């Protein structure tokens, strides 16, 4: 599983990356968490406002900071798919 956190270094982007990393650990999932700061890559996902959360190539959240519980639900749902 590839989880990407899109953002150019804002405080919310860092918080999202930290929260996603913690959620992956708590679930016990073998997933790659990648921080994406390249603006062209972010725009390729049609994200106009960061942070963005991408799971296996699908946009799951953009322009907001999902809660830890929501992130866990999104990861588990993507794993089951």
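In our numbering, the protein residues as written are 4 to 84. We put the beta carbon where it would ideally sit given N, CA and C, even for glycine. Just so we're clear, the structure is a prediction, and the values are computed from it rather than from any experiment.
(request) Go ahead and pull the three-state DSSP assignment for residue 50. (result) Note: residue 50 maps to coil in three-state DSSP.
(message) Just to check my reading of the structure: residue 52 and residue 66 have Cβ atoms closer than 8 Å, yes? What is that Cβ distance to the nearest angstrom?
(response) So it is a contact: roughly 3 Å between Cβ atoms.
(request) Could you tell me the distance, in whole angstroms, from the CA atom of residue 84 to the CA atom of residue 78? (result) Residue 84 and residue 78 have their C-alpha atoms spaced approximately 10 Å apart.
(message) Please give the ranges of any beta strand (DSSP E) in the segment 4-44, keeping only runs that are unbroken, at least 3 residues long and fully inside the region.
(response) Unbroken beta strand (DSSP E) runs of no fewer than 3 residues, entirely contained in the segment 4-44, are found at 5-9, 35-39, following chain order.
(message) Tell me the rounded alpha-carbon separation between residue 49 and residue 57.
(response) When rounded, the distance between both Cα atoms is 11 Å.
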